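See below for the structure under consideration.
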Amino acid sequence: MKRLAYETLGWLLVVAGIAAMVLPGPGLLMLFAGLAVLSRQYAWARRFVEPVRLRALRGAAEGVETWPRIVLSTLGSLSIGAVGIVFLINPPAPHWWPLEASFWLLGGEWTGITLIGSCVIALAVLGYSYKHFHGHPAARHQLDEDIQHTGEMNKVA
C-alpha cells in the first residue's frame, strides 16, 4: 500500500508539474517533487531528479536577476492570487459575458484555492531566490557549472 501511495503521489506531481509549466503554477518544482518521489522506486526517475532540480533553481535565479524581473514576478504572482480571490468570491457573470452564466468562472472555489496556493508558492520561491541568488553572482555561476556538469554526466551514462 505504501509503495502504491508513493507511486500515485509521484505521478500526480509529475502530471501536475507538466501542466503547471503552461498554466499558472510552479511547474518545475512540482515536476522535481514528483521525480524525487518516483526515484524511490525507479532508476530512470533518479537520473532526472538532479537535472530538473538544477533547472528549477536556474529558473528561480533568473527571476531575480534584475529589478524589473523581480517586480514583474511579484506582480504576476499577486495577480494569480487576485484571480483566485475572485473565484472564491464568485461574483455574478457581468452583462458583457457572451455565454450562459453557468460558464462564468468554471471550477468554482477549488480553482480559487489552487490559484491562491500557486500565488503563495510563487512568492515563497521568489523570496528564496532573492535571498540566495540576487546579488550573488558566485551562486549563479556555481549553479551554471553544476548544470553543465550534470549534462556531461548524462552524456556518459
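The numbers in my numbering rise by one with no breaks, and the one at position 96 of the sequence shown is 96.
Idealized CB from N, CA, C, for every residue including glycine.
If you're wondering where the values come from, they're calculated on a predicted model, not measured in any experiment.
Discussion item. Can you find the residues in the same chain that come closer than 7 Å, C-beta to C-beta, to ALA36, ignoring five residues on each side of it along the sequence?
Written reply: Excluding sequence neighbours, ALA36 sits near VAL49.
Worksheet entry | Three-state secondary structure (DSSP) of VAL156 | Note on VAL156: pLDDT 49, under 50, position unreliable in the model; no value is reported.
Worksheet entry | Exposure label - PHE87; buried when at least 16 CB within 10 Å | buried
Discussion item. So the candidates are PRO92, ILE18, GLU109 and GLY108; which of them puts its Cα closest to the Cα of ALA101?
Written reply: PRO92
Item to complete: Identify whether PRO51 lies in helix, strand or coil by the three-state DSSP scheme.
Response: helix
Worksheet entry | Coil, strand or helix - LEU143 by DSSP | helix
Discussion item. Quick test of the definition: if touching needs 3 or more C-beta pairs under 8 Å, does the stretch 73-83 touch the stretch 121-137?
Written reply: yes
Worksheet entry | Closest residue to GLN148 among ILE89, ALA33, PRO51 and HIS134 (Cα-Cα distance) | PRO51
Worksheet item: Is it true that the CB of GLY34 sits closer than 8 Å to the CB of GLY10?
Response: yes
Worksheet entry | Span of the alpha helix (DSSP H), counted from its first residue to its last, around MET30 | 27-38
Worksheet item: What residue range is occupied by the uninterrupted alpha helix (DSSP H) comprising TRP67?
Response: 67-89
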